[in-house]
Structures are given as structure tokens and as C-alpha cells.
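Numbering (the working numbering), first residue to last: 16 to 630.
And the structure:
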């Protein structure tokens, strides 16, 4: 009898345990949860807080919209810091101010901006005079919930203007592309980011096509037959209209999708606070306006909660993390990928034969600055990765490049990609000696200068102003990071100087109006520097294509197209005097993936510059 009781007791315990596991599994399945990619926190769609009260229509939408399963848009590779559960909830107040951790990894802030999902609405943002056409076009688009309503690249229809025409090298070919959605229906709106390449059968030759959005789901594509033999065309849509509208909406609502932190210190006291280029920082009622520290450009940090510290105690600025914004399944499925170059190739083959008459080209150093601003594609093609400009001949190679640098000061201003240029020129093209502080690592965030006395050549790398990965306060109160304007104002009135500046990736995580402000701020300095030094050459290193990103939702190349549009608007007066280095087309042609291009691409970019300025 006792054996019988023990047996059934064991079975009962087993069944009870099994039922508990089953119930827990069902509950976990039904409750909004992290995806396998990993998100740091999960939230329902409706949040009650002092900053947000659900409206009746929001509650109704939450009840009726079955696809609203909100999750973080941050896959695990999209988060720079570890989860901090002690910073969330009622006990988080005991980890602030004087009680804040001295380790930034575990330090808490009044509002964990990397976890907030409350849009910071501002009716006056963006300013009316800083709104681009694509934002106006998509501003009233409905939120994207249904994947079947977005573009399906695989089903694109190609319509050639003269499909049976025999082609010669140099002929212009036009194609109409009709986009189809994932439900098999023709697209009826424009706004997709359509990129088209023509490539040789062996893939050694590649060139970009010019694409015109007809605003009805169709796109007119124009390309030139630039080589002999068989070719095909491929189409890629890295960002559909729905994704573009979403990214622009986030930046309208939040202004920034990335935050920074300021390190304040006085004696043994220290505190970290959240920083941003915008004055809307969740959790802080008092801010430090640090525009003067940031060379006159906008920058704000929360004022330390410890009253013994003040704004003057700022020591440095650093990257913090991406903001966490709730999304639905359709957006998560779209953004939880690293490769944006999803493309298809047309099955139609085009064959070109060489024309009898070849066009004689001038040398690239004979091109006028105005010609470099013509960004209509194609302006050349890639041959096994080497850029061939069909407007001019570039005779610069590794052997002749150092000769182009003689009796010259080359100033490279910007981010880590101009630092790549600096490193390449220092190690591959010259035998210069470092005259500034020795680098303590591959990543360097301070001015660097190297001199080659034999060539009478000096090269400088100058890190860009905030937003940037790191900036430190120096004697005098400002940061070690200075603006383009300051560096231009400090250039001498004589001597051959080539000044290249580049602003791109670090500003893509904010609304593009911030980039606009930066560009406007440097115009008077460009004007004055060109008047002061007649031997000065100013060149703009353009944004470039990169198809791979660890955090596609906030760090991608789409904003590069917007930045180029802004440069064309604001630098109209300088097109006869400032060189535009169009690397967008070059990197699209070679299908560049990394945010840091490979050495071969870095060299092609430098070679392109030297081809234009070499004497």
C-alpha cells in the first residue's frame, strides 16, 4: 500500500510540475517579449507616466490592432552598454546624484534614455526652413504595420525602351522599373530608395545608373554602356518608403536616437549626466548649455544632481548608447538585419560593341571645381575596384602620389574615415615623422601631425566637433575638438594647403537639421579663408555608401543622400571654388559594405583627390 501511495504521489508531483511549466510557457508566449536577437527590456504599447497619458484613440488602437506586439528595436548588437535593471523602478532614486556608481557601466540616470519610449514632441521641430522634400512627402504616412504593403525587390518589372536595339559603347539606355509589393500588387507611390547598377558578365566592371522617381511606383533608370561585351542590370532597395518615413518620424519625435554622457569631476566628487545636441534630455529639469565649450555649436548636458558640482566641472564627453524605441513586428523584421544590399539582377542581357570613335579626355587636374559638383550618375565606373572617371584621366598611382604632396600641407578634418586616410598616407605614401603625441591605440581622438622633411610635406588629422565618440576639456575651457570654422580661420595667409573636411556618420543619428546647422555655420569661414590664401584648396569629402551596419535602424547610409542634398543647397555659391569629392557614386559602384571602407577603397578615394589637385 505504501508503495502504491509513493508511486501515485510521485506521478502527482510530476504532473503538477509539468502543468506549471506548461502554464508559464503559454504566459511567456502571450506576453510581449524579446526576440531571439535580444532586446534589453520589453514594454507594452500604452505607457502611463507623468509625461504621457493614453488617449482614447490610442487605447482603442491597442485593442483592435492585433499586430501591435511592441518590442525593442535594438537587437543585441545594437546596444553599446549592458542592461542595468537596478536603474529601473522605484529604487532607482537611490542610485542617483551623490549615490551614482563611479563606473559608467553601472551608473544610473534620472530617466534611462536608452530605455525610454516616450517621444519628445516639439511642434516647432524641425524648423520650417530646414525640411527636405522627402520629409514633406512622407510626413503624413500611416505607421508601417503590414509587411505585405511594402516593396518586394524580387518582383520588380523591367521595361526597356528599345529592347532589341544593337548597342555601342557610349550609348545611353533607358529602363522603366515598376515596383511590386509583397502581396503582388503594383506600387502606386514613390519614395523608395532605388539603387541600380550595370555590371559586366564577369562582374569586373560596375557602374551606377541615374534613377528618377516618377512618384507612382515606377522609376526611370538611365545608364551608359561603358564597356564591351555582355552586361546585366541589378536593382537594390535598401530603404523602402515605409522605412524612410519611420526613420524620419523618429528623428522628428526624439530629435536624436543616440545619447552621450558628460563626465563631471571636482576633487573626489564625480557624476555622469546625459548629453545631446538638443535641449530635450529626459529626466533633467536643469541643463548645462555647452555651446561655448563646443565651439559655438549646440550641445547640452544634464546638470549634475549633486549640488556640489556645476556645469564648469565638465571634464569630458563620451558616447553613451542608442535610444530604445518600441516597434511592431513589421519594423522589427525590417531593422533586425545587418545587410541592406538586398538586390536582384535582371535576366535580360545587354551586349555592346566598341564604337569607332573614342573621346579624348583631359587630365583630372584640369577639371574645374564646378565640374566636380555634377553628381548625376554615371560619371565613371569601377574596374576590379579601381575607379575610372570617364570625364578625365587620372594618372596618379602609388609611385607618383608622393610627388603630388611636395611643398604641401594636407589637412584632414572629420571622423575615423579621414583618420583612415591619414594613416594610409603616413604609412604607405610618405616617410614622415610624428610631431604630436604618440597614438596609444588604433583609435585616436586627438589632433595628430606628421612631417616629411624630404618632401616638405605636412599632414594633419583633426577630429570633428561634437557629436563625436569622445571629447576632452582642455585649458581655456573648450574641448580638444574644434569646428571646421575655427580650423579654417587659423590657416595661414600663404603656402599651398589642401583642406579636406568630412561630416557624416556621427550626425546620421540625429535629425538632419543638425547637419544643416553645421554646414551653415562654416560658410563664412570658407569664404574668408579662400579670400585670404590664394593657394588654398578646400575639398568636401562626401558621404559614402555602406551596406552593412550593426544597428541599421539608427546607423545607416540613407542620411548621406540627404546630406548631399543639403550641401548642394548651401554651397551653391562655392561651386566655382570648392571641390566636391563624390564618393557616394564610387562606393555604390564597388558595393562597399563596411562603415570603414577597406584599404583598397581608401586608396581609391585618396587617388581621386590627388588626381584633381596634383600639379
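Glycine residues also receive a C-beta, built at the ideal position from the N, C-alpha and C atoms. Predicted, not measured: the structure shown is a model, and the values here were computed from it.
- Here the alpha carbon of residue 451 sits roughly 7 Å from the alpha carbon of residue 465.
- Judged by DSSP secondary structure, residue 238 falls within the beta strand (DSSP E) whose first and last residues are 233–239.
- In this structure, the beta-carbon distance from residue 620 to residue 598 falls below 8 Å.
- The C-alpha of residue 380 is placed about 6 Å away from the C-alpha of residue 628.
- Looking at the DSSP output, residue 551 sits in a beta bridge with 512.
- Residue 345 and residue 247 have their alpha carbons spaced roughly 32 Å apart.
- A distance below 8 Å separates the beta carbons of residue 608 and residue 561.
- Nearest to residue 544 by C-alpha distance, out of 158, 520, 502, is 502.
- When secondary structure is reduced to three states using DSSP, residue 486 falls in the strand class.
- Positions of the beta strand (DSSP E) runs, each at least 3 residues long and wholly inside the region 328–367, are given as 329–337, 358–360 in order along the chain.
- For the pair residue 528 and residue 145, the CB atoms are nearer than the 8 Å cut-off.
- Shown here for residue 308: same chain residues with a beta carbon closer than 8 Å to its own, the five before and five after excluded, namely 314, 329, 488, 492, 493, 494 in chain order.
- Taking the Cα positions, residue 536 is about 14 Å away from residue 589.
- The three-state secondary structure of residue 169, taken from DSSP, is strand.
- A Cβ-Cβ distance of about 6 Å is found for the pair residue 394 and residue 600, placing them in contact under the 8 Å criterion.
- Minimum Cα-Cα distance from residue 439 among the listed residues 407, 618, 550 corresponds to 618.
- Cβ-Cβ separation between residue 233 and residue 193: approximately 5 Å, consistent with a contact (criterion under 8 Å).
- The C-beta separation of residue 124 from residue 289 comes to about 5 Å, placing the pair in contact by the 8 Å criterion.
- In the three-state scheme derived from DSSP, where H, G and I count as helix and E and B as strand, residue 254 is classed as strand.
- For the pair of segments examined, the region 393–407 was found not to touch the region 289–302: the number of CB pairs separated by less than 8 Å stays below three.
- Cβ-Cβ distances below 6 Å link residue 485 to 333, 460 in the same chain, with the five nearest sequence neighbours on each side left out; the list follows chain order.
- Comparing C-alpha distances from residue 444 to each of 412, 175, 209 shows the shortest one belongs to 412.
- For residue 280, no alpha helix (DSSP H) segment is defined; the enclosing uninterrupted segment is the beta strand (DSSP E) at 273–281.
- Residue 222 sits in a strand when the DSSP states are folded into three classes.
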